[in-house]
Amino acid sequence: MTTSQRNLPLTVQIRMPLLDVAAVRGALGVDEDDVLLLIEDRVLPWAFNIAVKCGVQKMGEWSERTLRREIRVLSKCVTQYQSIGGYKAAKRIEWPEALRLILPNDKPFLLGTELEQAFICSNELVIDLVKSRQLDLMPGTDYRRGRGGSPVITRASVERFLKARRINE
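The sequence shown begins at 41 in the working numbering and counts up by one.
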């Protein structure tokens, strides 16, 4: 007697504005090198390196944690790629729309916890970005590790950071 397995369609709803490389791999069923090629070829045109340090560095200058690439891809690019089946032209996403998708509100500031969710990153990364002055604190605010200590970051500095960290623009 032969047994056949039913093939059930499975749709996973993506709820995060940005996806890390592992999530893109899972969504598209490709390996890391393929994801990086899709970014390089601008098939996934909205990708960012949100690492504290990126670019050329001297050995021993930075810790492994700050050197690690932290690539994030706009989830809408991934869902468009899925829906059109690959390399065909996707609807062009302009900067204001990409920013609206990434940032959770229009307030002049964002809490560090909101950035952690939007960027899919740790509070350590957000704090390291503040300490390295790549993200600016709202005037008159401070931060600390632990409950209730989330930094209050200016929206303008987040926008500036994302523009500077876009890959292959």
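Yeah, the Cβ is synthetic: ideal placement off N, Cα and C, and Gly gets one too.
Cα separation between residue i and residue j?
i      : j      : result
Leu76  : Val70  : 10 Å
Phe201 : Ala63  : 22 Å
Asn89  : Glu72  : 15 Å
Met178 : Ile193 : 5 Å
Leu151 : Leu114 : 20 Å
Arg65  : Arg109 : 16 Å
Glu137 : Arg185 : 32 Å
Met56  : Arg187 : 23 Å
Ile111 : Ile160 : 10 Å
To which residues of the same chain is residue i closer than 7 Å at the C-beta, ignoring the five residues directly before and after it?
i      : result
Glu80  : Asn208
Asn163 : Gly152 and Glu156
Leu78  : Leu84
Phe149 : Met178, Val192, Ile193, Thr194 and Arg195
Ala158 : Pro57, Leu58, Ile142, Leu143 and Pro144
Is DSSP giving residue i helix, strand or coil here?
i      : result
Asn89  : strand
Ile111 : strand
Leu143 : coil
Leu150 : strand
Asp73  : helix
For residue i, I'd like the list of residues in its chain whose CB is within less than 8 Å of its CB, leaving aside the five on either flank, ordered along the chain.
i      : result
Tyr183 : Gly152, Ile167, Val170, Leu177, Gly189, Ser190, Pro191 and Val192
Gln122 : Ala67 and Leu68
Trp86  : Val113, Leu114, Lys116, Cys117, Ile133, Ala138 and Arg206
Val225 : Absent from the structure is residue 225, since the part of the chain shown begins at 41 and ends at 209.
Legend entry - Minimum length 3: unbroken beta strand (DSSP E) runs contained in the region 165-208: 192-194
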